[in-house]
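Taken in sequence, the protein lines are chains A and B.
Position in the first sequence (first residue = 1) + 7 = the working numbering.
Once you know that position 320 of the second sequence is 308 in the working numbering, the rest is easy, because the numbers rise by one and skip nothing.
Where a beta carbon is used, it is the ideal one built from N, C-alpha and C, also for glycine.
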Amino acid sequence: MSDSNTILCRCEDLTRERILECIHQGYCTIDEIKRVTRAGMGPCQGRTCRMLIAQELSNYYHIPMEEVMMSSFRPPIKPIPMGVLADAYEEGGDQK
Amino acid sequence: MKKKAYDVVIIGGGIVGCATAFELAKRGVTDVLLVEKGFLTSGATGRCGAGIRQQWGSELNAQIALESTQIFENLEEYTGYQHSCELHQGGYLLVAYTEKEWAQFQENLKVQHALGIDARAVDLKEAKEIVPILNTDGMFGATFCQKDGHANPFHCTQAYAQGAQRMGVEIATYTTVTGFQVKGGHIAAVETDKGTVEARLVINCANVRAPGLAKMVGQDVPVTSERHQALVTEPVAPLMDCMVMSFVRSYYVQQVPHGSFVMGIGPQEEPSFNFQSSWQFLEKNCAVICEALPALRKLRVVRQWAGQYDLSPDRNPVIDEAEQAKGFYSVCGFSGHGFMVSPRVAILVANHLTGQEDSLDIRRFSAKRYETGELLLEPAVV
């Protein structure tokens, strides 16, 4: 498996090599790697890369997968057009 | 933490803490430990709108923003950072929706022009030339400054942090401050969940957590926390180059170099430590923004999040030494514009702590202003 050709984050075109480079630089959680590379910030919001990056951290730090600190799961679950949300807005609707 | 004692301990790994560490190290103070509860930028810096603007209404803010922008313009070189900080000076278009606001903008321009800030009034026709997708209904006019823009808060913070580390500063992430030791009216040590370290100076840059930390040494910092939310869309081809912002309707929206749109609206809610995002924000934000920029209706929202403003009574920073614990300084209360003024404020703090002269008087930022009435009033703030 070639690191330079293996894509870990498909939305943001990030190779395994780039992720390993971050880990070697000392970024030690998914959250930190996300912020410096944009891994997990694309349309799928990390559905593909989150666990792959967790695996790399688990390997590098010799810790079990369940001890790798997860990044936040943020809404919405699926991308939603702004117009759909705008049309759902009612003045004072949040008070009901 | 590698040692038991440091000259200086900085609390908070946001841009204010990291920039202060860098500026101190640059002045020869390198025996510094920076502690951060999470990771660098995990608080307000990483959640901010990342705008940089010089179009302020008070001379003090305009001056600080102007000098900060000049540093952002060369931040990579200034700190020796290998990655781009992604500064993009596409300008800020501040739109006026009321006659009163429009009149205030003319006053603000006078302040900006006196400092040499290249902002100008534009009519609705020109506003539309700058942002072709703008719906100018209900607008009176706008002001525009090309040198305003935005930068990547993660990389700006890393730039300062790594620059500081190269000069000898130590950074301890995932380390929480739990208490302080004061001896003879002077700060003596910082207690954390990873152990206690002695310190001669402590700089509290913990944003909304700063008042709570200050209270532990008996310092009263009149800063409250207010939740603000933001969202980001999928990336698309360039549609607009500048930030569009309104004070009256309380919104900001920009397209970042990556292609996605980042935006937010001001809240109407009580102080809280709520970091959760809400569906109410999602709907209202989209309604407000789609009215100003109808072309965005088709864009899909991919993520929303919440952060906290550290609000001071006059919406400007508080920089103060604790009377009961000399050597303990709080630097907070940035009220939502800490990112854009951090380069200059860090210089001011570092100059003060190393006994160097500064063209700004740090005493103006003391919380004593709320007793004397010498407030730092700002007409152009969200």
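- When the alpha-carbon of residue 282(B) is set against those of 267(B), 253(B), 157(B), 123(B), the nearest one is in 123(B).
- The continuous stretches of alpha helix (DSSP H) do not include residue 76(B), and DSSP gives it neither H nor E.
- For residue 174(B), the uninterrupted beta strand (DSSP E) segment begins and ends at 174 to 180.
- Taking CB atoms only, residue 92(A) has a neighbour in chain B less than 7 Å away.
- Annotation for residue 276(B): the continuous alpha helix (DSSP H) segment containing it runs 267 to 280.
- When the beta-carbon positions are compared, residue 292(B) and residue 265(B) come within less than 7 Å of each other.
- Fully contained in the stretch 198 to 239 of chain B are the following beta strand (DSSP E) runs of length 3 or more, in chain order: 212 to 221, 231 to 234.
- With a threshold of 7 Å between beta carbons, residue 275(B) makes contact with chain A.
- Going by DSSP, residue 320(B) is part of the beta strand (DSSP E) stretching over 316 to 320.
- If you check each beta-carbon in the stretch 9 to 38 of chain B against every beta-carbon of chain A, the ones closer than 9 Å belong to 26, 27, 28, 29, 30, 34.
- 44(A) is the residue among 10(A), 35(A), 31(A), 44(A) whose C-alpha sits nearest the C-alpha of residue 19(A).
- Using a Cβ-Cβ cut-off of 7 Å, residue -10(B) does not count as an interface residue toward chain A, since no Cβ of chain A sits closer than that to its own.
- Pairing residue 11(B) with residue 89(A), the inter-Cα distance amounts to about 42 Å.
- A buried status is given to residue 316(B), since no fewer than 16 other beta-carbon atoms sit within 10 Å of its beta-carbon.
- Taking all protein chains shown into account, residue 298(B) has 16 or more neighbouring C-beta atoms within 10 Å of its C-beta and is therefore buried.
- Shown here for residue 59(A): same chain residues with a beta carbon closer than 6 Å to its own, the five before and five after excluded, namely 15 in chain order.
- Residues of the same chain with a CB within less than 6 Å of the CB of residue 41(B), apart from the 5 flanking positions on each side, are 80, 136 in chain order.
- In the DSSP annotation of this structure, the continuous segment of the beta strand (DSSP E) that includes residue 251(B) starts and ends at 249 to 253.
- Just measuring C-alpha positions, the residue of 9(A), 30(A), 99(A), 12(A) sitting nearest residue 62(A) is 30(A).
- About 5 Å separates the beta carbons of residue 20(B) and residue -4(B), which is inside the 8 Å limit, making them a contact pair.
- The beta carbon of residue 212(B) lies closer than 6 Å to those of 259, 299 in the same chain, with the five residues before and after it left out.
- Within chain B, 27 have C-beta atoms less than 7 Å from the C-beta of residue 39(A), given in sequence order.
- The beta carbon of residue 167(B) sits closer than 7 Å to the beta carbons of 179, 204 from its chain, once the five residues preceding and following it are set aside; these are given in chain order.
- For residue 183(B), the enclosing beta strand (DSSP E) has its first and last residue at 183 to 192.
- When Cβ-Cβ separations below 7 Å define contact, residue 243(B) makes no contact with chain A.
- Using a CB distance cut-off of 7 Å, residue 75(A) does not count as an interface residue toward chain B.
- Closest in C-alpha terms to residue 369(B), from the list 43(B), 9(B), 14(B), comes 43(B).
- The beta carbon of residue 189(B) sits no closer than 7 Å to any beta carbon of chain A.
- A direct Cα-to-Cα measurement between residue 80(A) and residue 14(B) gives close to 39 Å.
- Residue 21(B) sits in a strand when the DSSP states are folded into three classes.
- Rounded to the nearest whole angstrom, the C-alpha separation of residue 75(B) and residue 359(B) is 39 Å.
- The beta carbon of residue 309(B) sits closer than 6 Å to those of 317, all from its chain and outside the five residues before and after it, given in chain order.
- Residues of the stretch 280 to 299 of chain B whose Cβ lies closer than 7 Å to any Cβ of chain A, in chain order: 284, 285, 286, 287, 288, 289, 290, 291, 292, 293.
- Out of 344(B), 363(B), 328(B), 366(B), the CA that lies nearest to the CA of residue 4(B) is found in 328(B).
- By the neighbour-count definition (other C-beta atoms within 10 Å, threshold 16), residue 221(B) is a buried residue.
- With its beta carbon less than 7 Å from one in chain B, residue 95(A) belongs to the interface.
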